[in-house]
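Those protein sequences? They're chains A and B, same order as listed. Numbering-wise (the numbering used here), the first sequence opens with residue 27 and increments by one. Numbering-wise (the numbering used here), the second sequence opens with residue 27 and increments by one. These notes are about the structure you will find just below.
2 protein chains.
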Amino acid sequence: MLDVLPPDSIGLVEPKFHTFDSPIALDCGRILPRYKLIYETYGNLNKESSNAILVCHALSSDHHAAGYHTLQDKKPGWWETCIGPGKPIDTNRFFVVSPNNLGGCKGSTGPTSINPDTNKPYGPDFPIVTVHDWVKTQARLGDILGISQWAAVIGGSLGGMQALQWAIDYPKQLRHCVVIAAAPRLTAQNIAFNEVARQAILNDPEFYAGHYYQHNAIPRQGLMLARMLGHITYLSDTAMRKKFGRDLREGKINFGFDVEFQVESYLRYQGMSFVDRFDANTYLLMTKALDYFDPAYKFDDNLAKALAQVYAKFLVISFTSDWRFSPARSREIVKALLANKKLVSYAEIKAHDGHDAFLMPIQKYLQTFKMYMQQIEL
Amino acid sequence: MLDVLPPDSIGLVEPKFHTFDSPIALDCGRILPRYKLIYETYGNLNKESSNAILVCHALSSDHHAAGYHTLQDKKPGWWETCIGPGKPIDTNRFFVVSPNNLGGCKGSTGPTSINPDTNKPYGPDFPIVTVHDWVKTQARLGDILGISQWAAVIGGSLGGMQALQWAIDYPKQLRHCVVIAAAPRLTAQNIAFNEVARQAILNDPEFYAGHYYQHNAIPRQGLMLARMLGHITYLSDTAMRKKFGRDLREGKINFGFDVEFQVESYLRYQGMSFVDRFDANTYLLMTKALDYFDPAYKFDDNLAKALAQVYAKFLVISFTSDWRFSPARSREIVKALLANKKLVSYAEIKAHDGHDAFLMPIQKYLQTFKMYMQQIEL
Numbered sequence: 027m028l029d030v031l032p033p034d035s036i037g038l039v040e041p042k043f044h045t046f047d048s049p050i051a052l053d054c055g056r057i058l059p060r061y062k063l064i065y066e067t068y069g070n071l072n073k074e075s076s077n078a079i080l081v082c083h084a085l086s087s088d089h090h091a092a093g094y095h096t097l098q099d100k101k102p103g104w105w106e107t108c109i110g111p112g113k114p115i116d117t118n119r120f121f122v123v124s125p126n127n128l129g130g131c132k133g134s135t136g137p138t139s140i141n142p143d144t145n146k147p148y149g150p151d152f153p154i155v156t157v158h159d160w161v162k163t164q165a166r167l168g169d170i171l172g173i174s175q176w177a178a179v180i181g182g183s184l185g186g187m188q189a190l191q192w193a194i195d196y197p198k199q200l201r202h203c204v205v206i207a208a209a210p211r212l213t214a215q216n217i218a219f220n221e222v223a224r225q226a227i228l229n230d231p232e233f234y235a236g237h238y239y240q241h242n243a244i245p246r247q248g249l250m251l252a253r254m255l256g257h258i259t260y261l262s263d264t265a266m267r268k269k270f271g272r273d274l275r276e277g278k279i280n281f282g283f284d285v286e287f288q289v290e291s292y293l294r295y296q297g298m299s300f301v302d303r304f305d306a307n308t309y310l311l312m313t314k315a316l317d318y319f320d321p322a323y324k325f326d327d328n329l330a331k332a333l334a335q336v337y338a339k340f341l342v343i344s345f346t347s348d349w350r351f352s353p354a355r356s357r358e359i360v361k362a363l364l365a366n367k368k369l370v371s372y373a374e375i376k377a378h379d380g381h382d383a384f385l386m387p388i389q390k391y392l393q394t395f396k397m398y399m400q401q402i403e404l
Numbered sequence: 027m028l029d030v031l032p033p034d035s036i037g038l039v040e041p042k043f044h045t046f047d048s049p050i051a052l053d054c055g056r057i058l059p060r061y062k063l064i065y066e067t068y069g070n071l072n073k074e075s076s077n078a079i080l081v082c083h084a085l086s087s088d089h090h091a092a093g094y095h096t097l098q099d100k101k102p103g104w105w106e107t108c109i110g111p112g113k114p115i116d117t118n119r120f121f122v123v124s125p126n127n128l129g130g131c132k133g134s135t136g137p138t139s140i141n142p143d144t145n146k147p148y149g150p151d152f153p154i155v156t157v158h159d160w161v162k163t164q165a166r167l168g169d170i171l172g173i174s175q176w177a178a179v180i181g182g183s184l185g186g187m188q189a190l191q192w193a194i195d196y197p198k199q200l201r202h203c204v205v206i207a208a209a210p211r212l213t214a215q216n217i218a219f220n221e222v223a224r225q226a227i228l229n230d231p232e233f234y235a236g237h238y239y240q241h242n243a244i245p246r247q248g249l250m251l252a253r254m255l256g257h258i259t260y261l262s263d264t265a266m267r268k269k270f271g272r273d274l275r276e277g278k279i280n281f282g283f284d285v286e287f288q289v290e291s292y293l294r295y296q297g298m299s300f301v302d303r304f305d306a307n308t309y310l311l312m313t314k315a316l317d318y319f320d321p322a323y324k325f326d327d328n329l330a331k332a333l334a335q336v337y338a339k340f341l342v343i344s345f346t347s348d349w350r351f352s353p354a355r356s357r358e359i360v361k362a363l364l365a366n367k368k369l370v371s372y373a374e375i376k377a378h379d380g381h382d383a384f385l386m387p388i389q390k391y392l393q394t395f396k397m398y399m400q401q402i403e404l
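Right, dumping it as structure tokens:
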């Protein structure tokens, strides 16, 4: 429990909702007649509505990006390192909007929501959504909030992919695009990891073809395995070595299959706690959105062509030890922008933390990010 | 079906057995009163018994390293690229011994064998074995075959770890040690991958705490997931890209969870076919043997100390794109040997195939390996 809120935190925040009553046509060919988005905002929108920042979240995150919901919260929002007064996304200067994506499980319409056609949870009948779909729903949210142009759209990992898609789909509606620890599309290896995670969930006997809610069940093992596997790809080999090495929990080998090495204990804990806070159907949807993301696909696999019409200035950041989306993947984006003579700043941050580095308080990273944000004109 | 056997193959081979009736004390503290090893031999032992080569297998391999069991075989043994007349391990010159490890599921005593105490399969009651235990059983097999000193002990991956352990445990009983695509011990990341694989098996409802044989069940999903995950770590990102890229099986996205990308199809096939040929309890044992392998542990974590007494000359080979056991891990072995002024040849082979490269017909690799083997005096 917090006695006093940290002075560099935005402090207590409260989620907001908006229900969209006009239907939305999705990439998969289906139409959602209505849907709700949950979101948070930090800071104040200025008179000119020129200081709005859209923050897009990654695979298993949500709208709660900064601050605390109550003084009893154990943790602040997921990007507390980057959002707040005096931080890179400075809430003294910017008005930050952070939605939970469509298909999510934290308040926006998704598989756990009631399908008005059946009065039961959508479950596996919820349509598969794409990054392009998300960007469309986020644009509608901007309309509702009176934001005709974002000062910047920003995201890390899958969030960075949304920022990139924004620059392609609504070029004039953002002045800056910040793409952190992302890639222009997944490799076969990335897809392979997602596929193992999906198979773990889909084949869990408690999954009931996605209708586990009605069976009062949770595909606990499948979701746990998916999360354990995810965690391996979020951390670098070096980060894992530094964190755990070959340390044994009881100081000795027991010749059994219970937890022996600290890294096993960490992974099991991460896996088990994820089950209590995330929905398996949403996890499946999110991995598919990742797999499908490929803005160059419609442009003869030519990313430069896909980015030819972007208007935003870019900041692209990668981390040396990120092997999920390595610096080489970020450089693909940078090269495609340069091929179009677009303005792009690129920083490759030396960090041992792997993909998770984008969430970490790494000084050079925060400095670079902050300096870029400071020069954004309002 | 083969009309004619390839001329550079050892041809038709037949497994042999030996039952060891003297008890063996294992690292875990348990004693096996008797056990059987299945093995194959290729070539002929010379009069002086000076041309014997021991080949040690990796995680999911077995004693069938070269040649064919019948003309109907679809595939030869797992190391046909390296073992045969005129090949690196030249059967015109050497007498090759290739056993299935204790705890295996291909004929050596293991979890699927009948426990004489209960007249039921050992299942989860089979003791956890270590690389050190394996080397001990292999030394006994050498005794039976009249081999007091191996010309070389050779292995790739987990097999390379056995070769390294041989040089430490029985220094005078091998003249050469060939360690390919191995590491002196696993990293936290390596252990993490093994742990996810184990959790997939252990939590499969068809696992029945390891007693699935009695329930006429197989922990199919768990073993499939373990194998899918394994395969990702065996291939490099580049190899996967070259093999599959983002190719779609039906040329289009279907917005569903059936196979869409070729890489998904490949992984599912690999996973499913593995279930038909491998035992889950054995898989669990093998991953533990990997995790526990750490010859430096007893020597203050100092690998050079662990290798101070080795007598064999070494060939160490690594592959540039192997991220399971990267070249850096092989160089740890090389450095520790050099610190002791031991004779070691080291080759870092440029290859895109990832960890699996040690099984592949890569010309530079086969040439290097062959040249080293040719200079072994008999």
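Glycine included, C-beta positions come from ideal geometry on N, C-alpha and C. Bear in mind the structure is a predicted one, so any value in this text is a computation, not a measurement.
Enclosing beta strand (DSSP E) for residue i [first to last residue]
i: Ser124 of chain B; result: 121–125
Span of the alpha helix (DSSP H), counted from its first residue to its last, around residue i
i: Ala214 of chain B; result: 214–228
i: His237 of chain B; result: Unbroken run through His237 of chain B: none, as it is neither H nor E.
i: Val81 of chain A; result: Looking at the DSSP string, Val81 of chain A is not in any alpha helix (DSSP H); the run it does join, the beta strand (DSSP E), is 78–82.
i: Asn307 of chain B; result: 306–318
i: Asp169 of chain A; result: 157–170
i: Trp192 of chain B; result: 184–195
i: Lys331 of chain B; result: 329–332
i: Ala252 of chain A; result: 246–260
i: Lys324 of chain B; result: Looking at the DSSP string, Lys324 of chain B is not in any alpha helix (DSSP H), and its letter there is neither H nor E.
i: Asp151 of chain B; result: Careful: Asp151 of chain B lies outside any alpha helix (DSSP H) and carries neither H nor E.
i: Lys268 of chain A; result: 263–269
Those residues which DSSP pairs with residue i across a bridge
i: Trp176 of chain B; result: B:Leu200
i: Gly110 of chain B; result: B:Asp116
i: Lys62 of chain A; result: A:Thr45
i: Val205 of chain B; result: B:Gly181, B:Val342
i: Thr445 of chain A; result: The structure shown does not extend to residue 445 of chain A, since chain A is modelled only from 27 to 404, so the question has no answer here.
i: Ile50 of chain A; result: A:Leu58
i: Leu38 of chain A; result: A:Tyr94
i: Leu274 of chain B; result: B:Phe287
DSSP state of residue i mapped onto helix, strand, coil
i: Phe43 of chain B; result: strand
i: Pro142 of chain B; result: coil
i: Val285 of chain A; result: coil
i: Gly297 of chain A; result: helix
i: Lys339 of chain B; result: strand
i: His241 of chain B; result: helix
i: Gln400 of chain B; result: helix
i: Thr394 of chain A; result: helix
Environment of residue i [buried if 16+ CB atoms lie within 10 Å]
i: Ala51 of chain B; result: exposed
i: Met250 of chain B; result: buried
i: Leu369 of chain A; result: exposed
i: Gly149 of chain A; result: buried
i: Phe121 of chain B; result: buried
i: Gln400 of chain B; result: exposed
i: Val360 of chain A; result: buried
i: Gly129 of chain A; result: buried
i: Ile405 of chain A; result: Lying before the first or after the last residue shown, residue 405 of chain A is absent from chain A, which here runs from 27 to 404.
i: Lys132 of chain A; result: buried
i: Asn145 of chain A; result: exposed
i: Phe43 of chain B; result: exposed
i: Gly282 of chain B; result: exposed
Mind pulling the alpha helix (DSSP H) runs of 4 or more residues that sit fully within the stretch 344–391 of chain B?
If we require 4 residues or more, the alpha helix (DSSP H) runs fully inside the stretch 344–391 of chain B come out as 353–365.
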